[in-house]
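Heads up, the sequence shown is in our numbering, so the first residue is 337 and it goes up one at a time.
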Amino acid sequence: MSLEHAILGFLNYEPMTGYELKKMIDVSINHFWPAVQSQIYKTLFRMEADGWLSVETISQETRPPRKVYTITLKGQNEFLGWLETPQPHSET
């Protein structure tokens, strides 16, 4: 599993901010796939550049703007392709 595919999986349910994604990761996959906030934002930037995500910037009066990320059709195709790809079994 890659962080990119984990993010695509979360965003396949609903659009989220980077902060919301971090909270979801912390309460779900963090015990086997830890990710720090800076790593998540770098990954989101790269995924947007690859066309897997779109971003909407929402202004807030007293706080910095929020960036809400949404999975694109290209991102959905990548995620579904990853799900359908057999993964090698680990020898542990």
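Every residue, glycine too, gets a C-beta built ideally from N, C-alpha and C. Given the structure is predicted, the values throughout are model-derived calculations rather than measurements.
Rounded separation between residue i and residue j - CA only
i      : j      : result
Asn413 : Ile343 : 14 Å
Gly345 : Ala385 : 18 Å
Thr379 : Gly354 : 10 Å
Trp418 : Trp388 : 13 Å
Thr421 : Lys359 : 28 Å
Leu339 : Thr398 : 32 Å
Ser364 : Arg402 : 23 Å
Helix, strand or coil at residue i [DSSP, three-state]
i      : result
Ile361 : helix
Glu420 : helix
Where the alpha helix (DSSP H) through residue i begins and ends
i      : result
Arg382 : Gln373 to Ala385
Close Cβ partners of residue i (< 8 Å) along its chain, the five nearest in sequence each way excluded
i      : result
Glu356 : none
Leu416 : none
Ile376 : Leu339, Ile343, Gly354, Leu357, Lys358 and Ile361
The beta strand (DSSP E) enclosing residue i, as first and last residue numbers
i      : result
Glu392 : Leu389 to Ile394
Thr408 : That residue, Thr408, is in no beta strand (DSSP E); it is neither H nor E in DSSP.
Same chain, Cβ closer than 6 Å to residue i, five either side skipped, listed in chain order
i      : result
Ser390 : Thr406 and Thr408
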